[in-house]
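Undergrad: In the numbering used here, the protein residues as written are 21 to 226.
C-beta: ideal position from N, C-alpha, C; glycine also.
Here the structure is a predicted model, which is why all the values come from computation and not from measurement.
1. If residue 61 sits next to residue 71, beta carbons under 8 Å apart, how far is it from one beta carbon to the other, in whole angstroms?
2. For the beta strand (DSSP E) containing residue 68, name the first residue and the last one.
3. What residue range is occupied by the uninterrupted beta strand (DSSP E) comprising residue 103?
4. Measuring CA to CA, which of 96, 183, 41, 88 is closest to residue 118?
5. Keeping to the same chain, check which residues put their C-beta closer than 7 Å to that of residue 314; ignore five residues upstream and five downstream.
6. Is the beta carbon of residue 79 less than 8 Å from the beta carbon of residue 100?
7. Going by DSSP, name the residue or residues bridged to residue 124.
8. Comparing C-alpha positions only, which one of 108, 59, 122 sits nearest to residue 96?
9. Residues in the same chain with beta-carbon distance under 7 Å from residue 37, minus the five sequence neighbours each way, listed in chain order, please.
10. Tell me the rounded alpha-carbon separation between residue 32 and residue 145.
11. Ordered along the chain, which non-local residues of its own chain (more than five positions away) have a Cβ less than 7 Å from that of residue 209?
12. Looking at the structure shown, is residue 32 part of a helix, part of a strand, or coil, going by DSSP?
Written as structure tokens, this is what we have:
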């Protein structure tokens, strides 16, 4: 039955769905076994990982939402979405992904190759007892960093602008649906930057 919990805490559990994933070739620092699980990689009984290639997401945009929906009944304490950036024009794809997955409470981690994806999974497994705080010290891009990087892709927006925007708003959803009267109070955001932000959030993602 899909989603069965396997008591093998010392080993990484890998779903049969990932059997042909090139990432497995680079997992060298932790042992893993295949198991019938709901997520793609089970770090521990409370920590799961879904893997998503942006190349695949570009042509199958509903896939990840269906997977996230299927995991809701399992109430994982920490769910990570490991997103492998394997396309060149990724900024709007990532912004769309952040928007569509926002309500699921998953933490988005970015990697740039199969080798990097494997390293992220290994870090999660090796640090599973140390708490999520310890993971933030690693070279992994979290949800907040992803939002910042995406905002930096908006024409004419700089690091100072991004920091001020993130201080002003509590979530990506608030940023996307910003009130011009509110955001124009931010020092340094002129009409040109406001128009660029508005275009980034209203133009088609795909």
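TA: On the basis of the supplied data:
1. Counting from one through the chain shown, the residue named residue 61 turns up at place 41. Counting from one through the chain shown, the residue named residue 71 turns up at place 51. Right, the Cβ-Cβ distance comes to about 7 Å (below 8 Å), so this counts as a contact.
2. What you label residue 68 is simply residue 48 of the chain shown in a count that begins at 1. Looking at the DSSP string, the run of the beta strand (DSSP E) that includes residue 68 is 67 to 73.
3. Residue numbering aside, residue 103 sits at position 83 when the chain shown is read from its first letter. Secondary structure note for residue 103: its beta strand (DSSP E) is the uninterrupted segment 98 to 104.
4. As a working mapping, residue 118 is identified with position 98 in the chain shown. Looking from the CA of residue 118, the closest CA among 96, 183, 41, 88 belongs to 88.
5. This structure cannot speak to residue 314, because the chain is shown only from 21 to 226.
6. In the chain shown, residue 79 corresponds to position 59, counting from 1. In the chain shown, residue 100 corresponds to position 80, counting from 1. No Cβ-Cβ contact shorter than 8 Å links residue 79 with residue 100.
7. Working through the chain shown from its first residue, we reach residue 124 at position 104. In the DSSP output, where bridge partners are listed per residue, residue 124 has none listed.
8. Indexing the chain shown from 1 puts residue 96 at position 76. Closest in alpha carbon position to residue 96, among 108, 59, 122, is 59.
9. For the purposes of this step, residue 37 is taken as the residue at position 17 of the chain shown. Counting only Cβ-Cβ distances below 7 Å, and skipping sequence neighbours, we find 60.
10. Locating residue 32 in the chain shown gives position 12, counting from the first residue. Locating residue 145 in the chain shown gives position 125, counting from the first residue. Linking residue 32 to residue 145 through their CA atoms gives a straight-line distance of about 7 Å.
11. On the chain shown, position 189 is the one that residue 209 refers to. Sequence-distant Cβ neighbours of residue 209 in its own chain, meaning closer than 7 Å and more than five residues away, are 181, 203.
12. Working through the chain shown from its first residue, we reach residue 32 at position 12. Taken through DSSP and simplified to helix, strand or coil, residue 32 comes out as strand.
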